[in-house]
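This report concerns only the one structure given below.
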Ligand code: S6P
Ligand code: ZN
């Protein structure tokens, strides 16, 4: 049938977390994440001393239409802003009823999820762990290890990303390093 897309094959490199090949690549630096970490001063000082790439997304190109599935890997580098581990910005899907699957590929982390009604949930991620993010749950991932944390994601191509709500409210919980260990605490700035 005319207009039917050809199948795609890709390979996840389980060591580096790269998806090969990829057509779209996003790299986010700390300077792209102003206001998202608890310790603004620590963030400012890292940004002023040369900035840092926090994470990269490697994505196959598919039409952003209902019926297609975007699939990509995210690689979060190790590091902290003050006591807070490097993490993604986090978002609701613009179409809030669109769900998502994460598969842990390399390293250790958390996926933190919240609903607009104030429910919060965390899943500890490591290679092989699958996290199902149901409709209506915002999601952010956090690298709690000394090396990269990488995961594979699949989600409906018409989902879209709403970053604005998270920029305003943050997540109800933070994952901080306390006495050398990842520790889940209440976010004092949660609105
Ligand atoms: C997309 C999916 C992931 C994230 C990626 C970066 O729906 O949840 O591919 O986009 O992990 O996070 P963020 O919050 O900057 O988009
Ligand atoms: Zn998502």
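Residue numbers (this note's numbering): -6 to 184.
Here a beta-carbon is modelled for each residue, glycine too, at the ideal position from N, C-alpha and C.
**Item:** Unbroken alpha helix (DSSP H) run spanning residue 171, endpoints
**Value:** Secondary structure note for residue 171: it is in no alpha helix (DSSP H), and the uninterrupted beta strand (DSSP E) holding it is 166 to 171.
**Request:** Locate the alpha helix (DSSP H) running through residue 41, then write down its first and last residues.
**Result:** Residue 41 -> alpha helix (DSSP H) spans 33 to 41.
**Asked** Is residue 2 helix, strand or coil when you go by DSSP?
**Response** Residue state, collapsed to three classes: coil.
**Request:** Confirm, please, whether the CB-CB distance from residue 149 to residue 62 is below 8 Å.
**Result:** Going by C-beta atoms, residue 62 is nearer than 8 Å to residue 149.
**Request:** With residue 176 as the anchor, note down where its beta strand (DSSP E) starts and where it stops.
**Result:** For residue 176, the enclosing beta strand (DSSP E) covers residues 174 to 179.
**Prompt:** Looking at C-alpha atoms only, which residue of 86, 40, 132, 100 is the closest neighbour of residue 107?
**Reply:** Measuring C-alpha to C-alpha distances from residue 107 to each of 86, 40, 132, 100 identifies 132 as the nearest.
**Message:** Threshold first: 3 residues or longer. Then list the beta strand (DSSP E) segments lying entirely within the stretch 39 to 69, N to C.
**Reply:** Listed in chain order, they are 46 to 52, 62 to 69.
**Cβ neighbour criterion (16 or more within 10 Å) applied to residue 269** = Nothing about residue 269 can be reported from this structure: the residues present for the chain run from -6 to 184 only.
**Prompt:** Hey, residue 123 and residue 94: beta-carbon distance below 8 Å or not?
**Reply:** With a cutoff of 8 Å on beta-carbon distance, residue 123 and residue 94 are scored as near each other.
**Message:** Considering only DSSP beta bridges, list what residue 184 is partnered with.
**Reply:** In the DSSP secondary-structure assignment, residue 184 is not bridged to any residue.
**Request:** Can you tell me the Cβ-Cβ gap for residue 141 and residue 83, rounded? I've got them flagged as a contact below 8 Å.
**Result:** Contact doesn't hold; Cβ gap of about 19 Å is too wide.
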